[in-house]
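K.L.:
Protein sequences, first through last, are from chains A and B. The numbering used here applies: residue 31 is where the first sequence begins, and numbers increase by one. The numbering used here applies: residue 4 is where the second sequence begins, and numbers increase by one. We put the CB at the ideal spot given by N, CA and C, even for glycine. Sending over a structure as structure tokens; questions will come in a sec.
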Amino acid sequence: MDVILHALPLMIEGAVISLLITVIGIVLGSIIGLIAGLARLSKVKLSKILGTAYVDFFRGTPLFVQIMLIYFGIPGLLNSLNEYWISVNGNPLLSNTSMNIWVAAILSISLNSGAYIAEIFRGGIQSIEKGQMEAARSLGMTHVQAMRYVILPQAFKRVIPPMGNEFIMLLKETSLLSVIGFEELARKTQLEVARTYASFELWLTCAFVYLVMTFTFSRLVDRLEKKLETE
Amino acid sequence: MIIKVQDLYKNFGSLEVLKGINCSIKEQEVVVVIGPSGSGKSTFLRCLNKLEEPTSGTVIIDGYDITDPNTDINYVRQEVGMVFQRFNLFPHKTVLENVTLAPIKVRNMQKDEAEKKAIELLKKVGLEDKANAYPSQLSGGQQQRVAIARALAMRPKIMLFDEPTSALDPEMVGEVLAVMKQLAREGMTMVVVTHEMGFAREVGDRVIFMDNGQIVEEGTPKEIFSNAQNPRTQSFLSKIL
Ligand SMILES: Nc1ncnc2c1ncn2[C@@H]1O[C@H](COP(=O)(O)OP(=O)(O)OP(=O)(O)O)[C@@H](O)[C@H]1O
Ligand SMILES: [Mg+2]
Numbered sequence: 031m032d033v034i035l036h037a038l039p040l041m042i043e044g045a046v047i048s049l050l051i052t053v054i055g056i057v058l059g060s061i062i063g064l065i066a067g068l069a070r071l072s073k074v075k076l077s078k079i080l081g082t083a084y085v086d087f088f089r090g091t092p093l094f095v096q097i098m099l100i101y102f103g104i105p106g107l108l109n110s111l112n113e114y115w116i117s118v119n120g121n122p123l124l125s126n127t128s129m130n131i132w133v134a135a136i137l138s139i140s141l142n143s144g145a146y147i148a149e150i151f152r153g154g155i156q157s158i159e160k161g162q163m164e165a166a167r168s169l170g171m172t173h174v175q176a177m178r179y180v181i182l183p184q185a186f187k188r189v190i191p192p193m194g195n196e197f198i199m200l201l202k203e204t205s206l207l208s209v210i211g212f213e214e215l216a217r218k219t220q221l222e223v224a225r226t227y228a229s230f231e232l233w234l235t236c237a238f239v240y241l242v243m244t245f246t247f248s249r250l251v252d253r254l255e256k257k258l259e260t261e
Numbered sequence: 004m005i006i007k008v009q010d011l012y013k014n015f016g017s018l019e020v021l022k023g024i025n026c027s028i029k030e031q032e033v034v035v036v037i038g039p040s041g042s043g044k045s046t047f048l049r050c051l052n053k054l055e056e057p058t059s060g061t062v063i064i065d066g067y068d069i070t071d072p073n074t075d076i077n078y079v080r081q082e083v084g085m086v087f088q089r090f091n092l093f094p095h096k097t098v099l100e101n102v103t104l105a106p107i108k109v110r111n112m113q114k115d116e117a118e119k120k121a122i123e124l125l126k127k128v129g130l131e132d133k134a135n136a137y138p139s140q141l142s143g144g145q146q147q148r149v150a151i152a153r154a155l156a157m158r159p160k161i162m163l164f165d166e167p168t169s170a171l172d173p174e175m176v177g178e179v180l181a182v183m184k185q186l187a188r189e190g191m192t193m194v195v196v197t198h199e200m201g202f203a204r205e206v207g208d209r210v211i212f213m214d215n216g217q218i219v220e221e222g223t224p225k226e227i228f229s230n231a232q233n234p235r236t237q238s239f240l241s242k243i244l
């Protein structure tokens, strides 16, 4: 018990970081996802291809690999580029090629969630009856106005439950950031376990802390959903 | 002529739906389009505001050739109101917001001015007391009257109706037709696809019978309903009258 009480403040600190990175991931992911989702629905071939390629890549590869690629792969690429530049021009192109761990965490989590959110938005938009767009266009609205004032407000309501799911999934997946040493909840636990050898107690506590967060959040989403239904 | 349609063809893939429609409609005329299911009535109507893109031919609305890709279709659509079979009200907006949305966003009208006009229109369709209700709280007939008010709020010169009463319970058909009759009396140019022959007789200036993607016969309601010349018209009318 002592060992848990001793580790708890650190783990809660980690949990706050996990939550923070999840919230950032959902916010940035929503922006990316809206753009990618609309790109996939667009009539313009190129944007459709780009949107689809992005979604396919980030949904079709493990988040673990994406994190490694961004944290280690990108600096590696920049290094090679620098060496090439030096061999040609004699001086380096970039003074610093290292990747900040927060940047890597935010980038990987946002890009990953953006791909899932793009599909959520696309589904939400497609679920709105065709007649809504037609009615809006028949009144003289442009496609963009119809999207903005008629389609998206209705689609947003419908995507709240799957977005809640995505939040919970993402919160759990942020534990993968521990592989690059990003000190969220799982990493903090890992470090405490390494120090105290209290594997069972601490990992169980860690699981419990995740559970409290996901449980609370899913109840919140349920309530929001009910409220929107009655509106 | 406020509407001029020449050699209008429309295909959906390999399916030919409109096969050479020619038709002119005068200002203030009320034209009723009848015909069997699948004959292309809705498609014809939707070509008049370019909800369907014609495959070939020209459609000229109030002097604007809407088949010309350089024509600003969003501008022309402000002059052409459309009422749908399934109402298509915006469910996330109140009745008042449904009516004011396009005037505010498209016509850049001030909100209070748009609301004043909207209340007038809602009075006209007998629903000023429902201004703050949501569409889901209204009956079908009420929703369709709101949809008419919403279209009128753009001050269109032409109104298109695609089976406006077909999705309604019988007891609500009358209230919608009454609003349409009132509009016709006020001199609105109207193109109405409907199975309501009573309406066609009473307010129609002209009846167009369509079959198989073509206009088979047209004339005054009297000519069509009591003295149809074409056997296809006769056979259609014998089934529905
Ligand atoms: N978007 C579309 N894609 C493919 N085929 C279509 C489309 N819209 C209509 N059609 C076909 O075109 C034909 C004419 O349809 P349309 O809706 O114009 O007929 P209608 O006369 O309005 O019939 P109804 O009285 O049933 O409403 C039908 O065979 C229909 O299946
Ligand atoms: Mg039809």
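Suppose the cutoff is 7 Å on Cβ atoms and the five residues either side in sequence are ignored; what does the same chain contact list for B/Lys160 look like?
P.N.:
For B/Lys160, where only same-chain residues beyond five positions count, the Cβ hits under 7 Å are Ile5, Asp65, Glu82, Thr192.
K.L.:
Would you tell me roughly how many angstroms separate the C-alpha atoms of B/Lys126 and A/Gly90, rounded to the nearest one?
P.N.:
When rounded, the distance between both Cα atoms is 57 Å.
K.L.:
Can you check which of these residues, A/Ser168, A/Trp233, A/Ala45, A/Val251, is closest to A/Phe192 by C-alpha distance?
P.N.:
The sequence shown places Pro at residue 192 of chain A, rather than the Phe named in the question. Closest option to A/Pro192, Cα to Cα, is A/Val251.
K.L.:
Check the C-beta distance from A/Leu215 over to A/Ser205 and give it rounded, since I have them as a contact under 8 Å.
P.N.:
So it is a contact: roughly 7 Å between Cβ atoms.
K.L.:
Taking only heavy atoms of ligand 1 into account, decide whether any of them is closer than 6 Å to the Cβ of B/Lys44.
P.N.:
Flag set: Cβ of B/Lys44 near ligand 1.
K.L.:
With a cut-off of 8 Å on the beta carbons, I'd call B/Ala170 and B/Gly143 a contact; round off their distance for me.
P.N.:
With a Cβ gap of about 6 Å, B/Ala170 and B/Gly143 count as contacting.
K.L.:
Looking at the secondary structure, which residues open and close the beta strand (DSSP E) in which B/Thr61 lies?
P.N.:
59-64 is the extent of the beta strand (DSSP E) around B/Thr61.
K.L.:
A/Ser48: buried (16+ other C-beta within 10 angstroms of its C-beta) or exposed?
P.N.:
Classification of A/Ser48: buried, given that the 10 Å Cβ count is 16 or more.
K.L.:
Are the beta-carbon atoms belonging to B/Cys50 and B/Val35 less than 7 Å from one another?
P.N.:
Against a cut-off of 7 Å, the Cβ pair of B/Val35 and B/Cys50 comes out as no contact.
K.L.:
If we count the other Cβ atoms within 10 Å of its Cβ and call it buried at 16 or more, is A/Met31 buried or exposed?
P.N.:
Its Cβ having fewer than 16 others within 10 Å, A/Met31 is exposed.
K.L.:
Given the structure, does B/Phe2 come close to ligand 1, in the sense that its CB is under 6 Å from one of the ligand's heavy atoms?
P.N.:
One cannot answer for residue 2 of chain B here, as it falls past the ends of chain B, which runs 4 to 244.
K.L.:
Quick one: give me the first and last residue of the beta strand (DSSP E) that B/Val83 is part of.
P.N.:
Its beta strand (DSSP E) spans residues 83-86.
K.L.:
Which word fits A/Ala237, buried or exposed, when buried means at least 16 other C-beta atoms lie within 10 angstroms of its C-beta?
P.N.:
Result: exposed.
K.L.:
Could you compute how far the alpha carbon of B/Pro94 sits from the alpha carbon of B/Glu131?
P.N.:
Between B/Pro94 and B/Glu131, the C-alpha separation is close to 18 Å.
K.L.:
With 16 other CB atoms within 10 Å as the buried threshold, where does A/Leu137 fall?
P.N.:
The residue is buried, with at least 16 neighbouring Cβ atoms inside 10 Å.
K.L.:
For B/Gly190 and B/Arg110, what's the separation of their Cα atoms in angstroms?
P.N.:
One C-alpha to the other measures close to 23 Å.
K.L.:
Could you tell me whether the Cβ of B/His198 comes closer than 7 Å to any Cβ of chain A?
P.N.:
Cβ-Cβ to chain A under 7 Å: no for B/His198.
K.L.:
In the DSSP assignment, the alpha helix (DSSP H) including A/Gly264 goes from what residue to what residue?
P.N.:
Residue numbering for chain A in the displayed model covers 31 to 261; residue 264 of chain A lies beyond these limits and cannot be assessed.
K.L.:
Do B/Arg153 and B/Val195 come within 7 Å of each other at the CB atom, strictly closer than that value?
P.N.:
Contact: no.
K.L.:
Can you pull the chain B residues whose beta carbon is under 7 Å from the beta carbon of A/Ala165, in chain order?
P.N.:
Residues of chain B passing the Cβ test: Phe87, Asn91.
K.L.:
Cβ closer than 7 Å: which chain B residues qualify as neighbours of A/Pro183?
P.N.:
Per Cβ cutoff of 7 Å: His95.
K.L.:
Taking only beta-carbon atoms, is B/Ala105 less than 7 Å away from chain A?
P.N.:
Output row for B/Ala105: interface = yes.
K.L.:
Mapping the DSSP letters down to three states, classify A/Phe230 as helix, strand or coil.
P.N.:
Reduced to three states, the DSSP call for A/Phe230 is helix.
K.L.:
Taking DSSP as the reference, what is the three-state secondary structure of B/Met4?
P.N.:
B/Met4: coil per DSSP, three-state reduction.
K.L.:
Could you name the residues that DSSP lists as bridge partners for B/Leu11?
P.N.:
The partner list for B/Leu11 (beta bridge, DSSP) reads B/Ile24.
K.L.:
Would DSSP call B/Gln145 helix, strand or coil?
P.N.:
Helix, per DSSP.
K.L.:
Of the residues that make up the region 169-195 of chain A, which ones have a beta carbon closer than 8 Å to any beta carbon in chain B?
P.N.:
Answer in chain order: Leu169, Gly170, Met171, Thr172, Gln175, Tyr179, Val180, Pro183, Gln184, Lys187.
K.L.:
Taking buried to mean at least 16 other C-beta atoms within 10 Å of its own C-beta, is A/Tyr227 buried or exposed?
P.N.:
That one is exposed.
K.L.:
Where in the region 126-204 of chain B do unbroken runs of the beta strand (DSSP E), each at least 3 residues long, occur, reported from the N-terminal end onward?
P.N.:
Taking only runs of at least 3 residues, the beta strand (DSSP E) segments lying wholly in the region 126-204 of chain B are 161-165, 192-196.
K.L.:
Looking at B/Leu46: is its Cβ nearer than 7 Å to the Cβ of B/Tyr12?
P.N.:
The question names Leu, but residue 46 of chain B is Thr in the sequence shown. No. Outside cutoff.
K.L.:
Could you work out which residues of chain B lie near A/Gly161, taking near to mean beta carbons separated by less than 7 Å?
P.N.:
Within chain B, the residues near A/Gly161 are Phe87, Arg89, Asn91.
K.L.:
From B/Ala117 to A/Ile100, what does the alpha carbon distance come to, in whole angstroms?
P.N.:
Approximately 52 Å, taken between the alpha carbons.
K.L.:
Kindly indicate the opening and closing residues of the alpha helix (DSSP H) around A/Thr156.
P.N.:
One detail in the question is off: residue 156 of chain A reads as Gln in this sequence, not Thr. A/Gln156 -> alpha helix (DSSP H) spans 131-156.
K.L.:
Return no unless some Cβ of chain A is closer than 7 Å to the Cβ of B/Arg148.
P.N.:
No, B/Arg148 lies away from the interface with chain A (no Cβ there is under 7 Å from its Cβ).
K.L.:
List the whole-angstrom C-beta distance separating B/Lys184 from B/Glu205, where the pair is believed to meet the contact cut-off of C-beta under 8 Å.
P.N.:
Confirmed, Cβ separation roughly 7 Å.
K.L.:
Are A/Pro93 and A/Glu164 close, meaning C-beta to C-beta below 7 Å?
P.N.:
According to the sequence displayed, residue 93 of chain A carries Leu and not Pro. Against a cut-off of 7 Å, the Cβ pair of A/Glu164 and A/Leu93 comes out as no contact.
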